[in-house]
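Position one of the sequence shown corresponds to residue 1333 (our numbering), numbered consecutively onward.
We put the beta carbon where it would ideally sit given N, CA and C, even for glycine.
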Amino acid sequence: MDMSKEEYISSLIDNLKKVKFITPDDIPNIDLYMDQVTTFMDEHLKSSKRYSDDKLLTKTMINNYTKNELLPPPNKKKYTKEHMFLLIFIYYFKNILSISDIKSIFNPLTKRFYGGKSDIGLKEIYDEIFRLEEEQTDSLTKDMIRKMTKAKESFNFVEDEEERDFLTIFSFICMLSFDVYMRKHLIEQIIDYSLKPEVEHKNKENAGNTDRVKKDKN
């Protein structure tokens, strides 16, 4: 790989450690109107933007989350700290999961822990998840560096330097994409067999049995 490109990719990986997350203490202790919510999210997650004019959270998005029962309705047009925790989780989940899958995760979460229904609240849950994700940052960046090293070792037999350089970058992108694909597949399997209603499980089992019968007949 061309040294300038390698250094650039290495700097991107290193910069992942500097990506800002919303810490538990960042979230206001007062209820917010929708405009305040979108402003807060835009300010605190701006390091995650791909382009400067990207909209991280809009009024339409929030209304859709409420409409799809991902987010409990606001209280007198104001959103509580618990709403903020849920919106942050949604922000990260929506990049890889469908609204239906997020709903399957959120249904038991809000049913059990939203609104003081348990000794453990969403704040305690967010605190613990935040701690776990902070611990993962170093190991994730190290894994990406290992993947980049593997990519550099690939296609050494290609003599054309420009072609080899492109294929190295392509290899790196493919390895990262495959990693995301496998993790996403695992998450979907966990949702399907652990979080979705039992009736859906039975439908899937019946569908699988029907498919097997059809194969046997053929």
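Quick one: residues in its chain with C-beta nearer than 6 Å to the C-beta of residue i, no 5 flanking neighbours on either side, listed in chain order?
i: Ile-1420; result: Ile-1354
i: Phe-1425; result: Ile-1434
i: Ile-1359; result: Lys-1413, Met-1416
i: Val-1531; result: Unreliable placement is indicated for Val-1531, whose pLDDT of 44 sits below 50; the coordinate value is still reported in the next sentence. Once the five neighbours on either side are set aside, Val-1531 has no close Cβ partner at all.
i: Lys-1387; result: none
i: Lys-1352; result: Ser-1379
i: Ser-1615; result: A question about residue 1615 goes unanswered here, because the residues of the chain that appear run from 1333 up to 1550.
Taking residue i as the reference, which of the options has the closest Cα?
i: Lys-1409; options: Phe-1504, Ile-1394, Phe-1417, Ile-1505; result: Ile-1394
i: Asn-1407; options: Ile-1522, Tyr-1365, Asn-1439; result: Tyr-1365
i: Lys-1479; options: Tyr-1458, Leu-1508, Glu-1466; result: Leu-1508
i: Ile-1345; options: Ile-1477, Asn-1488, Asn-1396; result: Ile-1477
i: Ser-1342; options: Arg-1382, Ile-1422, Lys-1474; result: Lys-1474
i: Ser-1432; options: Asp-1459, Leu-1402, Leu-1418; result: Leu-1402
i: Ser-1503; options: Ile-1519, Lys-1484, Leu-1518; result: Lys-1484
i: Glu-1347; options: Phe-1489, Lys-1528, Asp-1470; result: Looking at the sequence provided, one finds Asn at residue 1347 rather than Glu. The shortest C-alpha separation from Asn-1347 is found at Asp-1470.
i: Lys-1528; options: Pro-1440, Cys-1506, Glu-1491; result: Pro-1440
i: Tyr-1411; options: Glu-1339, Asp-1492, Met-1373; result: Met-1373
i: Lys-1381; options: Asp-1357, Glu-1491, Glu-1456, Tyr-1423; result: Tyr-1423
Which word fits residue i, buried or exposed, when buried means at least 16 other C-beta atoms lie within 10 angstroms of its C-beta?
i: Val-1369; result: buried
i: His-1415; result: buried
i: Ile-1452; result: exposed
i: Phe-1510; result: exposed
i: Ile-1522; result: exposed
i: Thr-1500; result: buried
i: Leu-1377; result: buried
i: Met-1514; result: exposed
i: Met-1489; result: According to the sequence provided, residue 1489 is Phe. The question's Met does not apply to it. Counting Cβ neighbours within 10 Å, Phe-1489 comes out exposed, since fewer than 16 surround it.
i: Leu-1518; result: exposed
i: Leu-1464; result: exposed
i: Ser-1526; result: exposed
i: Tyr-1383; result: exposed
i: Ile-1362; result: exposed
i: Ile-1437; result: buried
i: Gln-1468; result: exposed
i: Glu-1339; result: exposed
Can we count residue i as close to the ligand SAH, meaning its CB is less than 7 Å from some heavy atom?
i: Asn-1400; result: Although the ligand SAH was asked about, the structure shown includes no ligands whatsoever.
Below 7 Å CB to CB, which residues in the same chain sit around residue i once its five sequence neighbours on both sides are set aside?
i: Lys-1516; result: Ile-1428
i: Tyr-1458; result: Pro-1356, Phe-1417
i: Glu-1520; result: Asp-1433
Leaving out the 5 sequence neighbours to the left and right, which residues in its chain are closer than 8 Å to residue i when beta-carbon positions are compared?
i: Thr-1442; result: Pro-1404, Leu-1418
i: Val-1512; result: Ile-1428
i: Thr-1398; result: Pro-1404, Pro-1405, Pro-1406
i: Thr-1390; result: Thr-1370
Whole alpha helix (DSSP H) runs in the stretch 1445-1494 with 4 or more residues, listed along the chain?
1454-1485
Curious, which full-length alpha helix (DSSP H) runs of at least 4 residues does the stretch 1348-1418 contain?
1366-1376, 1391-1399
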